[in-house]
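Q: In this text, residue positions in the sequence shown follow the UniProt record's numbering: the first is 1, and each later residue adds one.
Got a structure for you, questions after.
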Amino acid sequence: METAGDSPEARAIIAAEVALATHTPPIPVVSYARISADTKRDEHGVQDQHKLNRETAARYGWTVVHEFTDNDKSAAKADVVRDEFEAMLKVLRSGELPDGPEVRGVVIVAEDRLARRPGDYERFVEAITYQDGRVFADARGQKDLYSEDTESMGLFGAVISKMEVRKMQRRIRRSHRARAEQGLPVGGTRPFGWLPDRLTLDPQEAPLVRQAILDLVAGRSLNSIVNQWQRGDVKTSLGNRWTSRSLKVTLTNPRVCGWREMNGELIRDSEGNPVVGQWQPIVTPEQWMAVKSIFDARKGHFVYRDGRLGPILPRDFKEPRHLLTGFLRCGRTQPDGALCNASLRVTHQKHCVQHIYICPAKTVGGCGGLGRRGDMVDLYVSEAVLAKLEEVQLASSTGPTEWPGQQDYEDAKARLEELRAQWTAGNISNELFFSAAPDLEKRISRPSHGRAELRGDSSTTTGPLGYRRGRDTAAVVPIGE
Numbered sequence: 001m002e003t004a005g006d007s008p009e010a011r012a013i014i015a016a017e018v019a020l021a022t023h024t025p026p027i028p029v030v031s032y033a034r035i036s037a038d039t040k041r042d043e044h045g046v047q048d049q050h051k052l053n054r055e056t057a058a059r060y061g062w063t064v065v066h067e068f069t070d071n072d073k074s075a076a077k078a079d080v081v082r083d084e085f086e087a088m089l090k091v092l093r094s095g096e097l098p099d100g101p102e103v104r105g106v107v108i109v110a111e112d113r114l115a116r117r118p119g120d121y122e123r124f125v126e127a128i129t130y131q132d133g134r135v136f137a138d139a140r141g142q143k144d145l146y147s148e149d150t151e152s153m154g155l156f157g158a159v160i161s162k163m164e165v166r167k168m169q170r171r172i173r174r175s176h177r178a179r180a181e182q183g184l185p186v187g188g189t190r191p192f193g194w195l196p197d198r199l200t201l202d203p204q205e206a207p208l209v210r211q212a213i214l215d216l217v218a219g220r221s222l223n224s225i226v227n228q229w230q231r232g233d234v235k236t237s238l239g240n241r242w243t244s245r246s247l248k249v250t251l252t253n254p255r256v257c258g259w260r261e262m263n264g265e266l267i268r269d270s271e272g273n274p275v276v277g278q279w280q281p282i283v284t285p286e287q288w289m290a291v292k293s294i295f296d297a298r299k300g301h302f303v304y305r306d307g308r309l310g311p312i313l314p315r316d317f318k319e320p321r322h323l324l325t326g327f328l329r330c331g332r333t334q335p336d337g338a339l340c341n342a343s344l345r346v347t348h349q350k351h352c353v354q355h356i357y358i359c360p361a362k363t364v365g366g367c368g369g370l371g372r373r374g375d376m377v378d379l380y381v382s383e384a385v386l387a388k389l390e391e392v393q394l395a396s397s398t399g400p401t402e403w404p405g406q407q408d409y410e411d412a413k414a415r416l417e418e419l420r421a422q423w424t425a426g427n428i429s430n431e432l433f434f435s436a437a438p439d440l441e442k443r444i445s446r447p448s449h450g451r452a453e454l455r456g457d458s459s460t461t462t463g464p465l466g467y468r469r470g471r472d473t474a475a476v477v478p479i480g481e
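In structure tokens form, the structure reads like this:
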């Protein structure tokens, strides 16, 4: 006879409870993908990596809840900030994504996709092991980063990877040297004055370079040539506006006369003669040497805008190109509550003609999260300093404490206040109030001009910083936030 506990319904309930008790939800992990050079700009490389990462996660019963992607970014260069890598480290430390889902591990294709510098690998291990129970795997298998042996092997792999990168860089330098000795052009940005083949002269750009060199030799200033090119909307090979610095680099490059330079020295053959490149020259070697001698003679001297040489500068002289270089500090608050306080640097962007003060990247001591329009910051600080000087000058000045008409001003002000109080209380009619108030207001406004003359026009009529200065406060707008 079948009891109640042996009934099919009871057995089904018990089986469901056991399955529910023994069921383990999939571990939430994130997928990280990186590629150094995406020449086609289609992100196919990182997408393939994410696909392999999802397959790896499924093999271990994990689920990918987010994908971090650093496309076309090197992991070997110290000055390259991988934004997604830095964001992943923050998520690993907190244990959850910004929108809430939990994160308990990372999946990658290979460790060289994750880090090529030992410092980055150490930061990753510190972040992922910040809490217990984290998982980590690549395409070859799962790894226990809590194990000292595994961490040591990973760190050793990062060192080997860095050595391979340096070896590759040395091979590239040797290749460039060999091509230079053969007079062959190398890759990189198209030089201004030549077509994309780097051999044939550009019919529009080459004459500009030739004329600029001739004008410099004839005594024309570099700034006047830059101004002419800017008015003519002449752009660099990268589409940027010309500056005196960029034009100087172009005109002093021995490429314009058919020679080649590496690390500041001309490439010479076995007999000591400069190697002649296979590209078409723009000017003769004599013309280039004349320009080079002009700029060499200016070294150590102050140079006026018209090109004239000024006095000799001290050996340690360094003239800042922007007003607040070396003074500004980043005031952003870090996750630990401390201020960043890194010294701001100056940069330029294509979409902004003005210079920009930015906080340097995290790899060089900053936070990389602050940017301000430099011209507006310079203007505001200048006006604030002038306003402070005016304030000090006014405070220290001696003079009469009363202005002409002060007694009449105070009498009219008291009468107007009493009139307003009586009108508010309903003791006088509207007709009487509105007929008497304008006369009293005129008496009040007339002596105030004398008071403004006593205190200084800018301090009363335009506010503490003046109208323009107060307006500029709102013009210092954030960039990149």
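Don't be surprised by glycine CBs; every beta carbon is placed ideally from N, CA and C.
Can we say the region 274–284 touches the region 192–209, given the rule of at least three CB pairs closer than 8 Å?
A: At 8 Å Cβ cutoff, the stretches touch.
Q: Would a C-beta distance cut-off of 9 Å place A33 and E67 closer than the cut-off?
A: For the purposes of this step, residue 33 is taken as residue 33 along the sequence shown, with counting starting at 1. For the purposes of this step, residue 67 is taken as residue 67 along the sequence shown, with counting starting at 1. Against a cut-off of 9 Å, the Cβ pair of E67 and A33 comes out as a contact.
Q: Evaluate V106 with the Cβ neighbour count: other Cβ atoms within 10 Å of its Cβ, from every protein chain shown; 16 or more gives buried, anything less gives exposed.
A: Here residue 106 refers to the residue found at position 106 of the sequence shown. V106 should be labelled buried.
Q: Would you list the one or two residues that DSSP bridges to Y304?
A: Along the sequence shown, one-based indexing puts residue 304 at 304. Paired residues: none, contrary to the question.
Q: Tell me the residue span of the alpha helix (DSSP H) that contains H33.
A: Numbered from its first residue, the sequence shown carries residue 33 at position 33. Correcting the residue type first, residue 33 is Ala in the shown sequence and not His. Where A33 is concerned, there is no enclosing alpha helix (DSSP H), although the beta strand (DSSP E) it sits in stretches over 27–35.
Q: Assign H66 to one of three DSSP states: helix, strand, or coil.
A: Position 66 of the sequence shown, counting from 1, holds the residue named residue 66. Strand.
Q: Leaving out five residues before and five after G374 in sequence, what residues of the same chain have Cβ atoms less than 7 Å from its Cβ?
A: As a position in the sequence shown, residue 374 is number 374, starting the count at 1. Same-chain partners within the cutoff: H322, V346, Q354, H355, I356, Y357.
Q: Going along the chain, which residues of its own chain have a beta-carbon closer than 6 Å to the beta-carbon of L328, five neighbours each way excluded?
A: Sequence index remark: in the sequence shown, residue 328 carries index 328 (1-based). So the list reads L344, Y357, once near-sequence residues are dropped.
Q: How about A178 and W194: are their beta carbons less than 9 Å apart?
A: Against the sequence shown, residue 178 aligns to sequence position 178. Against the sequence shown, residue 194 aligns to sequence position 194. No, they are not a contact pair.
Q: What residue does the beta strand (DSSP E) around F136 start on, and which one ends it?
A: If you number the sequence shown from 1, residue 136 lands on position 136. Where F136 is concerned, the enclosing beta strand (DSSP E) stretches over 135–138.
Q: So, helix, strand or coil for H50, using DSSP?
A: Here the question's residue 50 lines up with position 50 in the sequence shown. H50 falls in the helix class under three-state DSSP.
Q: Can you have a look at Q230 and say buried or exposed, based on whether 16 or more other CB atoms are within 10 angstroms of its CB?
A: Within the sequence shown, the letter at position 230 stands for residue 230. The residue in question, Q230, is exposed, as its Cβ has fewer than 16 Cβ neighbours within 10 Å.
Q: With a cut-off of 8 Å on the beta carbons, I'd call L416 and E441 a contact; round off their distance for me.
A: As a working note, residue 416 is residue 416 in the sequence shown. As a working note, residue 441 is residue 441 in the sequence shown. Right, their Cβ atoms sit about 7 Å apart.
Q: My output table needs one value for H355: the three-state DSSP class, helix, strand or coil.
A: Locating residue 355 in the sequence shown gives position 355, counting from the first residue. H355: strand per DSSP, three-state reduction.
Q: What separation, rounded to the nearest whole angstrom, lies between the Cα atoms of E84 and L216?
A: For the purposes of this step, residue 84 is taken as residue 84 along the sequence shown, with counting starting at 1. For the purposes of this step, residue 216 is taken as residue 216 along the sequence shown, with counting starting at 1. Between E84 and L216, the C-alpha separation is close to 48 Å.
Q: Say whether the region 386–394 touches the region 331–338, bearing in mind that this needs 3 or more beta-carbon pairs closer than 8 Å, one atom from each stretch.
A: Result no; under three Cβ-Cβ pairs closer than 8 Å.
Q: Residues bridged to residue 502 by DSSP?
A: No answer is possible for residue 502: the residues shown for the chain start at 1 and end at 481.
Q: Would you say A75 and I108 are within 9 Å of each other, going by their C-beta atoms?
A: Taking the first residue of the sequence shown as 1, we reach residue 75 at position 75. Taking the first residue of the sequence shown as 1, we reach residue 108 at position 108. For A75 and I108, no; Cβs fall outside 9 Å.
Q: How far does the alpha helix (DSSP H) with G374 in it reach, from first residue to last?
A: By 1-based counting over the sequence shown, the position of residue 374 is 374. Where G374 is concerned, the enclosing alpha helix (DSSP H) stretches over 374–396.
Q: Across which residues does DSSP place Q349 in a beta bridge pair?
A: Along the sequence shown, one-based indexing puts residue 349 at 349. Beta-bridge pairing links Q349 to C352.
Q: Thinking C-alpha only, which one of P185, D197, G219 is nearest M262?
A: On the sequence shown, residue 262 is found 262 positions in, with the first residue counted as 1. It is P185.
Q: Around the C-beta of N53, are 16 or more other C-beta atoms found within 10 angstroms, so that it is buried, or is it exposed?
A: On the sequence shown, residue 53 is found 53 positions in, with the first residue counted as 1. Classification for N53: buried.
Q: Which value, in whole angstroms, describes the spacing of the CA atoms of G239 and S293?
A: As a working mapping, residue 239 is identified with position 239 in the sequence shown. As a working mapping, residue 293 is identified with position 293 in the sequence shown. If you take the alpha carbons of G239 and S293, they lie about 29 Å apart.
Q: Helix, strand or coil: which one does DSSP assign to V249?
A: Within the sequence shown, the letter at position 249 stands for residue 249. DSSP places V249 in helix when its eight states are reduced to three.
Q: With a threshold of 8 Å on Cβ separation, who are the neighbours of D197 within its own chain once the five nearest residues in sequence on each side are excluded?
A: The sequence position of residue 197 within the sequence shown is 197, counting from 1. Here the set comprises nothing.
Q: Determine which residues share a DSSP beta bridge with R329 and list them.
A: Residue numbering aside, residue 329 sits at position 329 when the sequence shown is read from its first letter. According to DSSP, which records beta bridges pairwise, R329 is partnered with S343.
Q: Once DSSP output is grouped into helix, strand and coil, what is the label at W279?
A: The residue you call residue 279 lines up with position 279 of the sequence shown. DSSP places W279 in coil when its eight states are reduced to three.
Q: Alpha carbon to alpha carbon, what distance is there between V377 and G95?
A: Locating residue 95 in the sequence shown gives position 95, where the first residue counts as 1. Locating residue 377 in the sequence shown gives position 377, where the first residue counts as 1. Distance between the alpha carbons of G95 and V377: 39 Å.
Q: Buried or exposed for G28, please, with buried defined as at least 16 other CB atoms from any protein chain shown within 10 angstroms of its CB.
A: For the purposes of this step, residue 28 is taken as residue 28 along the sequence shown, with counting starting at 1. It should be noted that the sequence gives Pro, not Gly, for residue 28. Buried.
Q: Express the C-alpha separation of A342 and A139 in angstroms, rounding to a whole number.
A: By 1-based counting over the sequence shown, the position of residue 139 is 139. By 1-based counting over the sequence shown, the position of residue 342 is 342. Taking the straight line joining both Cα atoms gives about 39 Å.
Q: Reducing DSSP to helix, strand and coil, say where W229 ends up.
A: Counting from 1 along the sequence shown, the entry for residue 229 is found at position 229. W229 falls in the helix class under three-state DSSP.
Q: Might you give, ordered along the chain, the residues of its own chain that have their beta carbon closer than 7 Å to the beta carbon of V81, omitting 5 neighbours on each side?
A: Here residue 81 is taken as the residue at index 81 of the sequence shown, counted from 1. Excluding positions up to five away in sequence, the list reads A361, K362, T363, G368.
Q: Of all the CB atoms in chain B, is at least one closer than 9 Å to the CB of A338?
A: In the structure shown, chain B does not exist; there is a single protein chain.
Q: Consult DSSP for L432 and reduce its assignment to one of helix, strand or coil.
A: To locate residue 432, count along the sequence shown from 1; it is residue 432. In the structure shown, L432 sits in a helix (DSSP, three-state: H, G or I).
Q: Could you tell me how far apart the beta carbons of L251 and V291 are, in whole angstroms, since I believe they sit closer than 8 Å?
A: As a working mapping, residue 251 is identified with position 251 in the sequence shown. As a working mapping, residue 291 is identified with position 291 in the sequence shown. Right, the Cβ-Cβ distance comes to about 6 Å (below 8 Å), so this counts as a contact.
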